[in-house]
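Letter by letter, the sequence shown follows residues 38 to 477 of our numbering.
Glycine residues also receive a C-beta, built at the ideal position from the N, C-alpha and C atoms.
What follows is a single structure, written as structure tokens, with notes after it.
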Amino acid sequence: MKITIIGSGYVGLTSGTCFAEVGHHVTCVDNNPEKIETLLKGEIPIYEPGLAELVQQNVAAGRLKFTTSTEEGVRDGEVIFIAVPTPPQPDGSVDLSFIEKVAREIAQCLKPELGYRVIVDKSTVPVKTGDKVKQTVRRYAPEGVEFGVVSNPEFLREGCAVDDLLNPDRIVIGSNDDKALGYMQKLYEPFVAPVLVTDINSAELIKHAANSFLALKISYINAVANICEAAGADVEKVAEGIGMDKRIGRQFLNAGLGYGGSCFPKDIKAFIAISETLGQPFGLLKEVERINADQMNHFLDKIREKLWVFREKKIALWGLAFKQNTDDVRESVAIKMARVMLGEGASIVAADPQAVGTAKRFGNLEGDISYADDMYAALDGADALVIATEWPQFATADLEEVAKRLRTPLVFDGRNLLDPEDVKAAKLEYYPIGRPAVAG
Ligand code: UDX
Numbered sequence: 038m039k040i041t042i043i044g045s046g047y048v049g050l051t052s053g054t055c056f057a058e059v060g061h062h063v064t065c066v067d068n069n070p071e072k073i074e075t076l077l078k079g080e081i082p083i084y085e086p087g088l089a090e091l092v093q094q095n096v097a098a099g100r101l102k103f104t105t106s107t108e109e110g111v112r113d114g115e116v117i118f119i120a121v122p123t124p125p126q127p128d129g130s131v132d133l134s135f136i137e138k139v140a141r142e143i144a145q146c147l148k149p150e151l152g153y154r155v156i157v158d159k160s161t162v163p164v165k166t167g168d169k170v171k172q173t174v175r176r177y178a179p180e181g182v183e184f185g186v187v188s189n190p191e192f193l194r195e196g197c198a199v200d201d202l203l204n205p206d207r208i209v210i211g212s213n214d215d216k217a218l219g220y221m222q223k224l225y226e227p228f229v230a231p232v233l234v235t236d237i238n239s240a241e242l243i244k245h246a247a248n249s250f251l252a253l254k255i256s257y258i259n260a261v262a263n264i265c266e267a268a269g270a271d272v273e274k275v276a277e278g279i280g281m282d283k284r285i286g287r288q289f290l291n292a293g294l295g296y297g298g299s300c301f302p303k304d305i306k307a308f309i310a311i312s313e314t315l316g317q318p319f320g321l322l323k324e325v326e327r328i329n330a331d332q333m334n335h336f337l338d339k340i341r342e343k344l345w346v347f348r349e350k351k352i353a354l355w356g357l358a359f360k361q362n363t364d365d366v367r368e369s370v371a372i373k374m375a376r377v378m379l380g381e382g383a384s385i386v387a388a389d390p391q392a393v394g395t396a397k398r399f400g401n402l403e404g405d406i407s408y409a410d411d412m413y414a415a416l417d418g419a420d421a422l423v424i425a426t427e428w429p430q431f432a433t434a435d436l437e438e439v440a441k442r443l444r445t446p447l448v449f450d451g452r453n454l455l456d457p458e459d460v461k462a463a464k465l466e467y468y469p470i471g472r473p474a475v476a477g
């Protein structure tokens, strides 16, 4: 099929590329000429494992192209995806102005002679946005244009986006119209995954409800972790025991510093705002947010307790990205923590396998911070190692080397990556989350 993706950011670029990979002809549109320029040169503006190769292969195969022209996109694609940002407003509600603008632009490019078009919302949007898109397209499109509107939320995770897109757990198609649904079913035929067909409102709600539930799971285990800590129990064992119940499952029960990233913090806020607008305030989600924010403060208190003060202390910080396998530092707890420590006078040497560049550009980190290319070099002469991101290379670190390089052998593990037995053998003093410390 011929499809167009408007918005070549994380979701747009990765999903467009994967649609091309399964055999569709894809036009990716973006209004940022520099981004399109970069993509035309075969370069990828984001770090996502496997994506660069797929882009190059599909461009070479003639199935993937890039343009700044919405008109070209609307002409070429029988199915047109909207994948533009839906950032939060100061009150937590969603700013839908990019969606509205794109809906208007699509409408103005539609012509009756182009034939039927399906307009699909892939961005995460509040329930009832589909109605607004339909109303806007109807208002701005010329007489005689035929189109359908569909909601098709995206559940990809950064760092494993390609695999999530090619092998999804489920495909959700929200449509109130059979013709549009037929196009979507054909589009997804090459994918081996269950397809759930719903009305548009339900599809829109599935995205916010799913992300909120995952965030709830994280806050739940973090609250349990704090109880474990107070009781001298081990949250890793507790999570394992809870997770063995198939109704609960072990995934997303990793205690740590809480969730960050471009989705969860924003989506939970949005769902709270949506629930309030609909007169059904969702207080439980406010508690999820509160636990999440407290998690970092509790960890910082633990470090303060051992170091007494941050002033004149040198901290080796492992991790800047909001999670492993990404260079994304948006809403990264690692960055927020670095800001607090710097603010209290610490000096930081940070290491991250991918996110040093993005942290320098977007982290707004002011104070005595430098960056090490090598994670071990960050440790030289440091008063403590703080682990903030769950990169696998940190989990398999050579702890003898860590002990040798640190000035004082203190390790604060905000992601429970290290094995307490190994830590003990390396004679490190170790403070994880929700598990007994290894001290002395
Ligand atoms: C999330 C959803 O998983 C995805 O389905 C949706 O489309 C977008 O939002 P993403 O933000 O890429 O994806 O990352 P995810 O792997 O879900 O992690 C989010 C945050 O939660 C990270 O900061 C991570 O460190 C944290 N996390 C995750 C935990 O603290 N514990 C866990 O058990 C899992």
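Residue i (DSSP reduced to helix, strand or coil)
i: residue 507; result: No answer is possible for residue 507: it lies beyond the span of the chain, which begins at 38 and ends at 477.
i: residue 163; result: coil
i: residue 154; result: strand
i: residue 413; result: coil
i: residue 293; result: coil
i: residue 170; result: helix
i: residue 84; result: coil
i: residue 232; result: strand
i: residue 250; result: helix
i: residue 402; result: coil
i: residue 219; result: helix
i: residue 396; result: helix
i: residue 308; result: helix
i: residue 258; result: helix
i: residue 285; result: coil
i: residue 116; result: strand
i: residue 302; result: helix
Distance CB(residue i)-CB(residue j) smaller than 8 angstroms
i: residue 38; j: residue 115; result: yes
i: residue 228; j: residue 208; result: yes
i: residue 162; j: residue 43; result: no
i: residue 357; j: residue 389; result: yes
i: residue 370; j: residue 322; result: no
i: residue 246; j: residue 205; result: no
i: residue 148; j: residue 182; result: yes
i: residue 219; j: residue 235; result: no
i: residue 187; j: residue 164; result: no
i: residue 347; j: residue 383; result: yes
i: residue 379; j: residue 342; result: no
i: residue 425; j: residue 394; result: no
i: residue 106; j: residue 59; result: no
i: residue 119; j: residue 110; result: no
i: residue 471; j: residue 272; result: yes
Residues that DSSP places opposite residue i in a beta bridge
i: residue 125; result: 131
i: residue 65; result: 42, 103
i: residue 351; result: 384
i: residue 467; result: 448, 475
i: residue 186; result: 156
i: residue 408; result: 387
i: residue 421; result: 352
i: residue 212; result: 187
Nearest neighbour of residue i, chosen from the options [CA to CA]
i: residue 334; options: 285, 376, 302, 359; result: 376
i: residue 85; options: 364, 438, 425; result: 364
i: residue 48; options: 133, 149, 196; result: 196
i: residue 98; options: 361, 61, 472, 353; result: 61
i: residue 298; options: 248, 429, 441, 73; result: 248
i: residue 254; options: 124, 329, 392, 215; result: 329
i: residue 303; options: 124, 81, 75, 41; result: 124
i: residue 143; options: 179, 130, 258, 202; result: 179
i: residue 154; options: 129, 436, 472, 41; result: 41
i: residue 305; options: 326, 359, 290, 448; result: 326
i: residue 433; options: 446, 455, 288; result: 455
Neighbour flag for residue i against chain C, beta carbons, 8 angstroms
i: residue 293; result: Given the protein chain composition of this structure (a single chain), no chain C is represented.
Below 5 angstroms from a heavy atom of the ligand UDX - residues by beta-carbon: Spelled out in chain order, the answer is 192, 194, 195, 255, 289, 291, 293, 296, 297, 298, 300, 359, 360.
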